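Participant: The structure under discussion is supplied below as C-alpha cells; questions concerning it will follow.
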C-alpha cells in the first residue's frame, strides 16, 4: 500500500498542510521541520506534490472534480451540467470518482499530486478542518457543491427546507402519520432532509415518532439507491405502526419504495402516499411527487464560480443557497 501525505504528516507529527508547505518551500515551515519531513518522505519513497510548482510555470486548462456515487442519477445530471458549461471553453474536466467515503482523502491527494489541474470542485464531500487547511495551502480555486466549509466558495440546495416542504405537502393533502425512508445519516444531505421532516411535524403539532423512521444501513453509497429504498420500505411497513404516507430522501429510494408497495399489494396513493427528492428524469415517468433540485443548473453554476475564482483569487468567499421546488404528481394526491 502506497504512503500518502497523511502518513507522512502522522509520522512527522505535523498537519498535512505543513507537509504540503514544506514540499513547496513555504517560509512558514522551519528548516528543522522541513528536514524531518523530507527524511521521512525519502525513507518511504514518497513523491511530493508538484502541482504548485507546475501551475506557477504554465496553465494546464484542466479542472478536477471529485464526485461520489457516480451511478446516482443526481450526480449524472450534475456532471451533464458541468460538461455543458465547460464545452466550448479551453478547459477540460477530469473526474475522480469516490465509491467509498473512505476513499475521498486519497482521491483529494491524487488530484493534487497530478500537478496538472488549475483547481478542483468537490461534490457532496465534507472536509475536516485539516483537509481544508491543506487544500487552502495550494492557493488554487476550490469550489464545494452540496457541502460547506468557511474557507471555500460553496453552492448547495437548502436540504432542510426541501425536507420540510415534502412533509408540509403531505400534511396539506391530509396525511398525518408520515414515515421517513432515510439514506444513511452519515450523509449530510440525508441528515438535513430528516431535520426538515422533523421541523414540519413540529410546526404541525405532531409528535416525532422514531418508529416511523428507517435509516439505511448501507455505508458505501449511503443508501441512495433503489435497492436500499426497497428493503428499507419493507422494513418500515413490517412494523406494527404503519404510516399513511412516506417521504423518501431521494427519488431512487422512492422508486424502490414503489416496488415494495407493488410486492405488498399496496396501491399508491390510495393505500399509501409517497414523495421523493431530486426530480430525476424517471420521477416524471413514474408519476412520483418529489422535491426538485436544479441538478443540471447546479453543475453549470459550479463551473461559473470556478471561473470567477480563477480570475479573481482574492475576492471574498461566497456561500450560495438555492431554493428547492415542490413537484406534486400522482403518488401524493388523493383521488
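In this note's numbering, the protein residues as written are 1335 to 1669. In this text, a Cβ means the ideal position worked out from N, Cα and C, and glycines have one as well. Source: prediction; values computed, not measured.
Between the alpha carbons of residue 1559 and residue 1451, how many angstroms are there, rounded?
Facilitator: One C-alpha to the other measures close to 32 Å.
Participant: Around the Cβ of residue 1603, are there at least 16 other Cβ atoms within 10 angstroms (buried) or fewer (exposed)?
Facilitator: The residue in question, residue 1603, is buried, as its Cβ has 16 or more Cβ neighbours within 10 Å.
Participant: With a threshold of 8 Å, are at least 3 pairs of Cβ atoms found where one atom belongs to the region 1640 to 1647 and the other to the region 1500 to 1515?
Facilitator: Segments in contact, no.
Participant: Just to confirm the assignment: which complete alpha helix (DSSP H) runs, minimum length 4, are found wholly within the region 1511 to 1537?
Facilitator: List check, alpha helix (DSSP H) in window: 1522 to 1537.
Participant: Could you tell me whether the region 1468 to 1475 touches the region 1493 to 1503, using the rule of 3 or more Cβ pairs below 8 Å?
Facilitator: Touching, no.
Participant: Using three-state DSSP, classify residue 1483 as helix, strand or coil.
Facilitator: DSSP places residue 1483 in coil when its eight states are reduced to three.
Participant: Only counting the same chain, and skipping five residues up and downstream in sequence, which positions put a Cβ closer than 6 Å to that of residue 1353?
Facilitator: Taken in chain order, the residues that qualify are 1339, 1342, 1343 and 1371.
Participant: Could you pull the DSSP bridge partners for residue 1439 from this structure?
Facilitator: Residue 1439 is not bridged to any residue.
Participant: Are the Cβ atoms of residue 1588 and residue 1621 separated by less than 7 Å?
Facilitator: Result no, Cβ atoms of residue 1588 and residue 1621 do not sit closer than 7 Å.
Participant: Which residues share a DSSP beta bridge with residue 1431?
Facilitator: In the DSSP output, where bridge partners are listed per residue, residue 1431 has 1401.
Participant: Considering only their Cβ atoms, is the gap separating residue 1597 from residue 1617 smaller than 7 Å?
Facilitator: No.
Participant: Assuming the contact rule is C-beta atoms closer than 8 Å, residue 1457 and residue 1491 should be a hit. Round their C-beta distance to whole Å, please.
Facilitator: Not a contact, Cβ separation roughly 12 Å.
Participant: What is the DSSP secondary structure of residue 1580, counted as helix, strand or coil?
Facilitator: DSSP places residue 1580 in strand when its eight states are reduced to three.
Participant: Looking only at its chain, what residues have a beta carbon closer than 6 Å to the beta carbon of residue 1503, apart from the 5 residues adjacent to it on each side?
Facilitator: Once the five neighbours on either side are set aside, the close Cβ partners of residue 1503 are 1660.
Participant: To the nearest angstrom, how far is the alpha carbon of residue 1508 from that of residue 1636?
Facilitator: Cα to Cα, the separation comes out at about 39 Å.
Participant: For residue 1576 and residue 1506, what's the separation of their Cα atoms in angstroms?
Facilitator: If you take the alpha carbons of residue 1576 and residue 1506, they lie about 19 Å apart.
Participant: Look up residue 1626 in the DSSP assignment and give the residues it is bridged to.
Facilitator: 1612 and 1659, per the DSSP bridge assignment.
Participant: Residue 1549 and residue 1519: beta carbons closer than 7 Å?
Facilitator: Contact flag set, yes.
Participant: What does DSSP give as the partner residue(s) for residue 1490 in the beta ladder?
Facilitator: In DSSP, residue 1490 forms a bridge with 1655.
Participant: Just list the residues that DSSP pairs residue 1426 with in beta bridges.
Facilitator: Per DSSP, 1396.
Participant: What does DSSP give as the partner residue(s) for residue 1412 in the beta ladder?
Facilitator: Residue 1412 is not bridged to any residue.
Participant: For residue 1362, which residues of its own chain have a beta-carbon under 7 Å away from its beta-carbon, when the five flanking residues on both sides are left out?
Facilitator: Cβ neighbours of residue 1362 beyond the five flanking positions: 1355.
Participant: So, for residue 1461: in the same chain, excluding its five sequence neighbours on each side, which residues have a beta-carbon less than 6 Å away from its beta-carbon?
Facilitator: Here the set comprises 1483.
Participant: When DSSP labels each residue in this structure, what does residue 1363 get in the three-state scheme?
Facilitator: Coil at residue 1363, not helix or strand.
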